[in-house]
Amino acid sequence: MIYPFMTLNDNTEIVHSEMDTNGKVKVLIETPDEKLGFKQATCILPDSEWKDILGYSESELAYLKELVASEAHLILEFSQTGGFDNASGF
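The sequence shown: position 50 = 49 (numbering that gives the first Met the number 0), numbered continuously.
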């Protein structure tokens, strides 16, 4: 199952998976792009392993890495409780 987590001002979507049996959570990031259709990146938590990166500049990727790191505790929590909407009671 994939859960929405956050939409940034530039329409970047950040979603995450349920926590798997190994305690891993996949965080998927996509940003609309005129040339590529979408820029994309994947981060595996809790190890912060980044892969499948396409289209992001070094500065954009640095920002996304910092953002995911600062929100990792929430993503990990929500991945065990059915996502943000379920955890927040909405």
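Glycine included, C-beta positions come from ideal geometry on N, C-alpha and C.
Proximal residues to residue i (C-beta, below 8 Å), its chain only, five neighbours per side dropped
i	result
L75	M18, V24, L44, P45
Reference residue i; option with closest CA among the options
i	options	result
E12	G54, G22, T20, V26	V26
I52	M5, T41, T80	T41
I28	G22, P3, G82, S69	P3
G54	E65, T30, Y62, E48	T30
Identity of the residues DSSP links to residue i by a beta bridge
i	result
S16	I1
L44	V24
T6	E12
Segment limits, beta strand (DSSP E) that includes residue i
i	result
K25	24-32
Cβ-based neighbour list, residue i, same chain, cut-off 7 Å, excluding 5 preceding and 5 following
i	result
S78	H15, S16, E17, M18, V24
M5	I13
Terminal residues of the alpha helix (DSSP H) in which residue i lies
i	result
S69	57-77
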